[in-house]
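Okay, structure first, notes after.
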Amino acid sequence: MPNDNKFAVLIDAENISDKYIKIILDEISNDGVATYKRIYGDWTNPALASWKKVLLDNSIIPIQQYSYTAGKNASDSAMIIDAMDILYTGQVDGFCLVSSDSDFTRLAARLREGGMLVVGMGERKTPKSFISACNRFKYLDILATSEAPQKASKQEKPEPAEQPRPARQKPQKQEKPEPPRQEPQKQPDPPREESGKEEPSKGGDAIGLATIKKALKAIARENSDEDGWVFIGTIGNLLVKRYPDFDVRNFGFSKLTPFLESVGLFDIKSVRAPDNAGKLIYVKLR
Numbered sequence: 001m002p003n004d005n006k007f008a009v010l011i012d013a014e015n016i017s018d019k020y021i022k023i024i025l026d027e028i029s030n031d032g033v034a035t036y037k038r039i040y041g042d043w044t045n046p047a048l049a050s051w052k053k054v055l056l057d058n059s060i061i062p063i064q065q066y067s068y069t070a071g072k073n074a075s076d077s078a079m080i081i082d083a084m085d086i087l088y089t090g091q092v093d094g095f096c097l098v099s100s101d102s103d104f105t106r107l108a109a110r111l112r113e114g115g116m117l118v119v120g121m122g123e124r125k126t127p128k129s130f131i132s133a134c135n136r137f138k139y140l141d142i143l144a145t146s147e148a149p150q151k152a153s154k155q156e157k158p159e160p161a162e163q164p165r166p167a168r169q170k171p172q173k174q175e176k177p178e179p180p181r182q183e184p185q186k187q188p189d190p191p192r193e194e195s196g197k198e199e200p201s202k203g204g205d206a207i208g209l210a211t212i213k214k215a216l217k218a219i220a221r222e223n224s225d226e227d228g229w230v231f232i233g234t235i236g237n238l239l240v241k242r243y244p245d246f247d248v249r250n251f252g253f254s255k256l257t258p259f260l261e262s263v264g265l266f267d268i269k270s271v272r273a274p275d276n277a278g279k280l281i282y283v284k285l286r
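Here it is as structure tokens:
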């Protein structure tokens, strides 16, 4: 059943590239409907010219905000004021704040205090303070990277160009080759034991795998039944609440179940849902 939550999508044009627009709109469509689509910037600045076609194609309303002082992002204030105006209309269920700027941390917190669902989007350089203030946060550069191989695989590989035949050369007198020098073989490094240190994830500054494993163990222990089993939906929901920037796509997966299989912490079973309405997945700590 489609989600009918109404969202206000507010984009900081001076902080986000236009190449992410399709990802932004596709991601928010998974959560609901974008009833407001506004983007903020000084449109007299030639650096924002690439946004023009994107705005027309996606029906996004540009909000002009002149930069009164050099080095100051005046569009931040306009975006914050608009967000509060929309909040008080009561016509939306949530906000999508698209920026990598920590200046929107207090705005995200205030919107959540007003009962709004706040989805943040930005690059991996986004400060943790802004990420933690959102209900969920999505890394646009990671999502763009994960989509690139899929597009490349659909394109046909070009046939290699025919190489010209080399010209015939006169045979040269062969010299006696010198015996190859034998270099000492490098011994392989011993396997490292798993430690509690943070492991870098594929998401760069995204939350690390070691931290996620610790959280998975804690969630499973706290929410399992008498036999130790816990519903996989509970795992996913609580994990996002603890770490808003968690996304299985940060680790190269498209679904939660294959990701949980890869971490090696759980036994997994599927149970037929009532009325044969699909299957329910449960996990249990080993």
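Residue numbering for the sequence shown follows full-length UniProt numbering, starting at 1 and increasing by one per position.
Each residue gets a CB set at the ideal place from its N, CA and C atoms; glycine is no exception.
- Distance check between G236 and each of S270, W51, R136, M116 places R136 closest, using alpha-carbon atoms only.
- At a cut-off of 3 residues, the continuous stretches assigned as beta strand (DSSP E) that sit fully inside the UniProt domain "HTH OST-type" (208-286) are 229-231, 266-272, 279-285.
- With respect to the C-alpha of N30, the residue from K241, D76, V119, R106 having the closest C-alpha is V119.
- Counting only runs of at least 3 residues, the region 14-85 fully encloses the following beta strand (DSSP E) elements, listed from N- to C-terminal order: 33-41, 61-64.
- Using a Cβ distance threshold of 8 Å, D93 and K37 do not count as a contacting pair.
- Fewer than three beta-carbon pairs drawn from the region 42-57 and the region 127-147 are found closer than 8 Å, and the two stretches are therefore not classed as touching.
- Judged by DSSP in its simplified three-state form, R136 adopts strand.
- With contacts defined as CB atoms closer than 8 Å, A108 and F130 qualify as a contacting pair.
- Boundaries of the beta strand (DSSP E) around K6: 6-12.
- Rounded to whole angstroms, the separation of the alpha carbons of E222 and G228 is 10 Å.
- A straight-line Cα-Cα distance of about 10 Å links L10 and A34.
- Of I212, A218, N250, G41, the smallest CA-CA separation from K284 is found for A218.
- Counting only the Cα atoms, L256 lies some 9 Å from D247.
- Across the structure, N250 and I142 are spaced so that their CA atoms are roughly 6 Å apart.
- A distance below 6 Å between beta-carbons, with the five flanking residues on each side excluded, links L238 to the following residues of its chain, in chain order: I219.
- Contact check for R242 against D267 fails: the beta carbons are separated by 8 Å or more.
- Counting only the Cα atoms, L216 lies some 47 Å from P46.
- Taking C-beta separations shorter than 8 Å and ignoring five residues to either side along the sequence, the partners of I207 in its chain run S201, Y243, D245, F246, N250, following chain order.
- Secondary structure note for M121: its beta strand (DSSP E) is the uninterrupted segment 117-122.
- Each residue's CA atom was taken as its position, placing S262 and I39 some 39 Å apart.
- Going by beta carbons, S77 and E14 fall outside the 8 Å limit.
- Per DSSP, V98 is one residue of the beta strand (DSSP E) stretching across 94-98.
- Taking the CA atoms as reference points, S17 sits about 39 Å from F231.
- Under the DSSP assignment, T105 falls in the alpha helix (DSSP H) whose first and last residues are 105-113.
- Sequence-distant partners of S146 (beyond 5 residues in either direction) whose C-beta falls short of 8 Å from its own C-beta, in its chain, are R249, G252.
- Taken through DSSP and simplified to helix, strand or coil, K125 comes out as coil.
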